[in-house]
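Residue numbering for the sequence shown is 99 to 370, as defined by the working numbering.
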Amino acid sequence: MTDRIETYIVDSFTDKPFKGNPAGVCILNKKLSDKQMQSIAKELGLSETAFICKIDNQDKYSIRYFSPVMEIPLCGHATLASSKVLFEINPKIDAIHFKNIQHLDLMIKKYGEKIEMEFPIYDTTPQNAPDELLNALGIETIVNSVYNKETNILLLEIKSSKLLADLSPDFEKLKQSHNSINGVLITAISQKDDYDFESRYFWPWSGTNEDPVTGATHTFLAKYWKTRLNKKKMNSYQCSKRTGFMEVELVSENRLLIKSEAQIILKGELRI
99 MTDRIETYIV
109 DSFTDKPFKG
119 NPAGVCILNK
129 KLSDKQMQSI
139 AKELGLSETA
149 FICKIDNQDK
159 YSIRYFSPVM
169 EIPLCGHATL
179 ASSKVLFEIN
189 PKIDAIHFKN
199 IQHLDLMIKK
209 YGEKIEMEFP
219 IYDTTPQNAP
229 DELLNALGIE
239 TIVNSVYNKE
249 TNILLLEIKS
259 SKLLADLSPD
269 FEKLKQSHNS
279 INGVLITAIS
289 QKDDYDFESR
299 YFWPWSGTNE
309 DPVTGATHTF
319 LAKYWKTRLN
329 KKKMNSYQCS
339 KRTGFMEVEL
349 VSENRLLIKS
359 EAQIILKGEL
369 RI
């Protein structure tokens, strides 16, 4: 018997179609195996596909995220995409409660076209960046190098957002330059009037070469820039080719709000 799964593609962290970061969203009426979800994510070929399923008829949903390569514990743009879909399906609701595989409670609210997500805040610790990694990225000098253990991501600050936008990594050399991280996040102070900082995220080890706009990295990136800029509320810009934006606000020691928009560009039926 063929299972039919309501499936969407949603561009997250953007107010325009074909910008931001596309995610797949599959609404499940029954649980799928990890192997099935991984196969679907690989078939869709997007940086992440989210699988959401209602928990025990409550107003709560489990959410899991798969890249084409592996399961990802927490994904911002796929959470935003899933929220956009559920708000469209149920226009009378203005709040959603997700629970991820780490048992994190992700609280979502709708404010007109904008969606606000509540995420945890993580710390970073100093860690050296290997010369081979910097060479593969095309970076000569860095301002700082730190590491976040929860996401297993290395963060590098460089001196200008122009250099950041111009980066053109050698992804084969990048993949060979490190064997124990999920990705490397490069960031710089923004030179744009409307933004505080910018970033790009490269993760050939665990997903695609570059993630166009990445919400989950802001779980530690927001605190990093709060310390650097002495600001609790900031505007973030991801200067990938597709570009994207979000507002971030650190409202407590462990609670981060991320607010942005998303655009549904495709609705269909997956048959397995």
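Virtual Cβ for every residue (Gly too), placed ideally from N, Cα, C.
Applying the criterion that 16 or more other CB atoms from any shown protein chain within 10 Å of the CB defines a buried residue, is threonine 325 buried or exposed?
exposed
Looking at the structure shown, is serine 278 part of a helix, part of a strand, or coil, going by DSSP?
In the structure shown, serine 278 falls within a coil segment according to DSSP collapsed to helix, strand and coil.
Return yes when the Cβ of asparagine 333 is within less than 8 Å of the Cβ of aspartate 294, no when it is not.
yes
Can you tell me whether valine 349 is helix, strand or coil according to DSSP?
coil
Relative to the C-alpha of leucine 354, which residue among Leu202, Asn119 and Val123 is closest?
Leu202
Measure from the alpha carbon of tyrosine 159 to the alpha carbon of each residue in Leu142, Glu146, Val183 and Ser165, then state which is nearest.
Val183
Taking the DSSP output, what are the residues bridged to methionine 96?
No answer is possible for residue 96: the residues shown for the chain start at 99 and end at 370.
Suppose you measure from the CA of proline 224 to the CA of serine 243; what does that come to, to the nearest Å?
Distance between the alpha carbons of proline 224 and serine 243 is about 6 Å.
Give a yes or no on whether the C-beta atoms belonging to threonine 315 and leucine 283 are separated by under 8 Å.
yes
Do alanine 227 and leucine 262 have their C-beta atoms within less than 8 Å of each other?
no
Euclidean distance between Cα positions of glycine 122 and phenylalanine 149
8 Å
Is it the case that the stretch 162–173 contacts the stretch 132–144, given that we only count it when at least three CB pairs across the two stretches are under 8 Å?
Result yes; three or more Cβ-Cβ pairs closer than 8 Å.
By how many angstroms is the C-alpha of isoleucine 213 removed from the C-alpha of lysine 181?
The amino acid occupying residue 181 in the given sequence is serine; lysine does not appear at that position. Between serine 181 and isoleucine 213, the C-alpha separation is close to 8 Å.
Cβ pair count under 8 Å reaching 3, the stretch 107–114 against the stretch 355–364
yes
Would you mind stating whether cysteine 124 and isoleucine 103 have Cβ atoms separated by less than 8 Å?
yes
Just verifying my parser: in three-state terms, what is the DSSP assignment at leucine 327?
helix
Given this structure, state the Cα-to-Cα distance separating asparagine 198 from isoleucine 256, to the nearest angstrom.
Spanning the two alpha carbons is a distance of roughly 32 Å.
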